[in-house]
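Accompanying notes for the structure given below.
Numbering (this note's numbering), first residue to last: 3 to 405.
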């Protein structure tokens with residue numbers, strides 16, 4: 003059963019927000035239909051089991067394909083084509099796939115009078131909430147092609163940042179996994195054979211050899227139980243996070259991880275700044291832009307800490323004041339936003355903040371790649387050295403026994 007993030011309004015006109023557990027929207031409305039103190043203004047379904055299962059089996063649209071579609075759409079609109087004609091031209095050269103299905107449905111909806119931003123509001127599209135807000139701003143201002151170009155620039159930068167983040171974390175992860183596999187293979191397959199060989203002699207085994215032999219026997223005898231236990235722990239944690247999204251244990255662990263934590267945090271606030279910048283520059287109000295930008299934060303723990311930002315801005319506080327009270331946010335971001343609030347040039351300042359954070363990520367990525375390899379090699383060398391000592395030290399005792 004899912005959770006809903008609801009906004010309530012009481013009899014005094016005060017707006018509040020909290021998470022409510024309900025089977026569906028009908029049950030949610032029924033729960034508060036008879037309550038005279040407050041009523042539901044809006045309800046957003048949080049990440050639940052049903053949505054996750056749908057996303058698991060639904061086909062996702064690739065970023066590159068989506069970017070190419072928007073680039074073609076912006077060029078045709080700028081050349082003077084109508085939106086309907088632009089979609090028809092794009093569909094003629096589009097191959098079969100999920101994006102073609104989405105565009106075909108959107109074309110049919112627009113022909114039937116549906117607003118463009120609503121017609122392209124499809125969960126299969128990347129960054130769909132930001133995309134819809136950009137289209138809505140472009141429709142309202144009459145500069146749809148300009149907003150599409152800005153969104154394309156935004157998409158390119160976000161994808162570049164995502165690739166850098168993934169590449170910086172993939173290399174250390176591969177080295178760590180290889181180290182675990184090598185140590186595990188030696189412990190399970192190599193050391194037991196030496197243990198059988200040395201067992202034929204009546205020599206006293208060194209302490210380090212006994213430690214590795216006993217550890218090897220334990221791992222070999224209990225490997226299925228250990229693996230099953232680890233799998234059960236992971237599944238239990240994932241299920242707990244599905245049932246209660248506010249736990250966010252996995253994302254909290256990610257933020258505390260060495261090297262990776264700082265990169266993940268800066269990436270999240272870089273994306274947040276980029277999203278705010280493009281939406282505010284397109285004419286979206288700061289509270290509405292912040293509401294969309296917050297949903298773009300992929301780390302669940304950071305999202306939970308940022309989710310009240312739009313409501314606090316609506317209550318009359320400045321964006322810089324609200325962000326100053328958010329834990330984990332970089333101090334440079336708060337200071338730059340404060341400058342933007344006072345100068346009235348918030349979109350440009352937010353872009354500068356995003357560029358600064360991306361430059362910081364680049365430096366951290368370079369340092370991680372240059373540092374992690376020698377660290378892993380040293381650790382692996384020490385582990386293998388101790389293993390070799392545990393294997394070859396008994397040889398000297400065996401030689402003495404033979405003599």
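A virtual CB, placed ideally from N, CA and C, is assigned to each residue, including glycine.
This one's a predicted model, so the numbers in the text were calculated from it and none came from an experiment.
If you draw a straight line from the alpha carbon of residue i to that of residue j, how long is it in whole angstroms?
i, j, result
"residue 174", "residue 254", "19 Å"
"residue 136", "residue 387", "58 Å"
"residue 281", "residue 218", "58 Å"
"residue 249", "residue 385", "36 Å"
"residue 229", "residue 375", "27 Å"
"residue 241", "residue 394", "47 Å"
"residue 9", "residue 310", "11 Å"
"residue 315", "residue 288", "8 Å"
"residue 2", "residue 189", "Given that the chain is displayed from residue 3 to residue 405, the structure contains no residue 2 and the question cannot be resolved."
"residue 115", "residue 354", "39 Å"
"residue 146", "residue 345", "27 Å"
"residue 367", "residue 160", "16 Å"
Tell me which same chain residues have a C-beta within less than 7 Å of the C-beta of residue i, skipping the five on either side of it?
i, result
"residue 331", "271, 325"
Can you tell me the Cβ-Cβ gap for residue i and residue j, rounded? I've got them flagged as a contact below 8 Å.
i, j, result
"residue 193", "residue 214", "6 Å"
"residue 284", "residue 152", "7 Å"
"residue 265", "residue 167", "6 Å"
"residue 308", "residue 328", "6 Å"
Put residue i into one of helix, strand or coil per three-state DSSP.
i, result
"residue 43", "strand"
"residue 269", "helix"
"residue 12", "strand"
"residue 131", "helix"
"residue 407", "With the chain covering only 3 through 405, there is no way to say anything about residue 407."
"residue 250", "coil"
"residue 142", "helix"
"residue 264", "helix"
"residue 312", "helix"
"residue 287", "coil"
"residue 124", "coil"
"residue 355", "helix"
"residue 444", "Beyond the ends of the chain as shown, which are 3 and 405, falls residue 444; an answer cannot be given."
"residue 362", "helix"
Compute the distance between the beta-carbons of residue i and residue j, then report whether it is under 8 Å.
i, j, result
"residue 339", "residue 359", "no"
"residue 104", "residue 96", "no"
"residue 150", "residue 76", "yes"
"residue 279", "residue 392", "no"
"residue 312", "residue 293", "yes"
"residue 68", "residue 378", "no"
For residue i, is the beta carbon positioned less than 7 Å from some heavy atom of the ligand ATP?
i, result
"residue 224", "The ligand ATP is not among the ligands present in this structure, which contains no ligands whatsoever."
Apart from the five residues just before and just after residue i, which ones in its own chain have a Cβ nearer than 6 Å to its Cβ?
i, result
"residue 295", "274, 277, 278"
"residue 208", "395"
"residue 413", "Coverage of the chain is limited to positions 3 through 405, which leaves residue 413 absent and any answer about it impossible."
Ignore the nearest five residues each way along the sequence and tell me which others in residue i's own chain have a CB closer than 8 Å to its CB.
i, result
"residue 89", "75, 105, 108, 109, 112"
"residue 251", "239, 242, 243"
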